[in-house]
Amino acid sequence: MAEEDKLEDRPGRAFQQKTTYDRESLEEIIPDWRSKPALYKFYSHAPVIGLPSPAWRDDEDHGPDFLQIVGKRRTVRSFGATPLTLLELSRLLWASAGVTASFITPQGQDFYRATPTAGALYPIETYVVVNKVEGLEPGLYHYRVAGLDMLERPIVEGSHALELLEAGDLRDEISAAAMDQGLCGKAGAVFVYTAVYARSEWKYRERSYRYFYLDAGHMAAQLSLAAVAQGLGTCQIAAFYDDELNDLIGVDGKTEGSLYLTAVGRPSRAALAGESDPRNTARPKE
Ligand SMILES: Cc1cc2nc3c(=O)[nH]c(=O)nc-3n(C[C@H](O)[C@H](O)[C@H](O)COP(=O)(O)O)c2cc1C
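Following my numbering, the numbering of the sequence shown begins with 6 at its first residue and continues without gaps.
Here it is in structure tokens:
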């Protein structure tokens with residue numbers, strides 16, 4: 006059978022091949038700045054909850070150094086009952102998706118964030134299913150990366166917020182969407198990364214789909230290290246039912262779709278002792 010025929014049945018390989026760059030066929034893409042999609046998503050009618058500054062406090066123990074943090078990171082699938090604090094959540098959000106510096110574009114001032122992203126186009130949005138976080142009601146939130154009032158005034162660097170999209174206990178729904186992985190219901194919070202496809206397609210066309218996963222991976226990796234730095238643990242999750250997860254967070258799957266999840270919480274005693282919890286680890290479909 007010819008290689009072309011086989012590719013029809015191999016969408017993964019076909020994707021990789023069809024998004025290949027080579028010197029002969031690569032067309033120069035000159036982005037049209039007038040049609041550049043907005044880099045920020047707002048839920049303008051959602052209640053906005055400002056988050057504390059992620060900076061370490063003077064009286065705080067700054068935890069392990071960077072190399073120790075890397076050495077200590079291990080997937081945690083068993084979480085204790087103690088809630089996350091709002092400050093811990095703020096740091097997790099900032100370290101994975103927050104604003105860190107500004108730059109100038111032909112359209113004006115814009116902002117760099119904590120992780121690298123192809124073309125500074127920031128296609129990844131962060132949603133958080135909050136199960137147990139002090140000072141936050143359980144529910145679905147969207148991360149507003151910068152400026153409570155950035156539509157009216159320039160962004161104040163370091164300011165960031167959550168938008169409450171739906172209040173309620175979503176532990177069963179998020180576990181079900183993650184292919185019945187019960188650890189999602191036991192985590193303090195579950196981060197869901199989506200891509201807004203048009204943001205990168207504007208410049209990179211089909212090649213964008215490679216970059217979405219790379220961008221989300223960078224963000225999840227930094228989140229996992231920010232968790233260890235605060236004595237927390239994470240489990241990355243790519244096994245999920247796409248439609249169920251997209252429905253849960255309210256995206257259509259066509260213009261914006263879910264890519265990846267990270268469950269985060271305080272490791273249980275068993276997890277700290279290096280034991281796994283068999284009730285949470287049934288994951289044959291990973
Ligand atoms: C892309 C990706 C998807 C994953 N999906 C799941 C998952 O659905 N459920 C799960 O329990 N662990 C999942 N994991 C965690 C891996 O099982 C884990 O990283 C691996 O066993 C190595 O262990 P370590 O993270 O402790 O180094 C995933 C990890 C990655 C990078």
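All C-beta atoms in this analysis are idealised placements derived from N, C-alpha and C, irrespective of residue type, glycine included.
Distance between G236 and A19 (C-alpha atoms, nearest Å): 42 angstroms
Ligand 1 heavy atom lying under 7 angstroms from the CB of C240: yes
Rounded C-alpha distance that separates R158 from R274: Model confidence at R158 stands at a pLDDT of 48, short of 50, so the residue's coordinates are unreliable and nothing is read from them.
Stretch pair the segment 78-89 + the segment 109-121: three plus CB contacts closer than 8 angstroms: no
Own chain partners of L97 with C-beta closer than 7 angstroms, once the 5 adjacent residues on each side are dropped: L228, A231, A232 and V269
Cut-off 6 angstroms between Cβ atoms - residues of its own chain near G94, not counting five sequence neighbours on either side: The residue asked about is misnamed: residue 94 is Leu in this sequence, not Gly. The residues are V138.
Buried versus exposed call for P88 [16 or more other C-beta atoms within 10 Å across all chains shown]: buried
Close beta carbons around R39, own chain, < 8 angstroms, minus the five adjacent residues each side: none
Residue burial classification, L31 (beta-carbon count within 10 angstroms, cutoff 16): exposed
Nonlocal neighbours in the same chain, by C-beta distance under 8 angstroms from A203, ignoring five residues either side: P42 and T260
Boundaries (first-last residue) of the alpha helix (DSSP H) holding G270: First-last for G270: E261 to G270, but that is the beta strand (DSSP E), not the alpha helix (DSSP H).
Rounded distance between the beta-carbons of V53 and E130, thought under 8 angstroms: Incorrect: roughly 16 angstroms between the Cβ atoms, too far for contact.
Y127 classed as buried or exposed, judged by whether at least 16 other C-beta atoms fall within 10 angstroms: buried
Distance cut-off 7 angstroms: Q186 Cβ against heavy atoms of ligand 1: yes
Backbone CA spacing between R212 and P36 [nearest angstrom]: 14 angstroms
DSSP three-state assignment for I179, whether helix, strand or coil: helix
Endpoints, the alpha helix (DSSP H) within which V75 is located: F71 to K77
Euclidean distance between Cα positions of I254 and A100: 22 angstroms
Boundaries (first-last residue) of the alpha helix (DSSP H) holding E206: Y202 to Y209
CA-to-CA distance, L12 to L56, given in whole angstroms: 48 angstroms
Buried versus exposed, by CB contacts within 10 Å (16 or more), K23: exposed
Nearest-angstrom Cα separation, counted from H50 out to P59: 25 angstroms
Residues of its chain near A182, where Cβ-Cβ distance is below 7 angstroms and the 5 sequence neighbours each way are ignored: F245, Y246, E249, L250 and L253
Top-ranked residue by Cα proximity to G68, from S263, T267 and A234: A234
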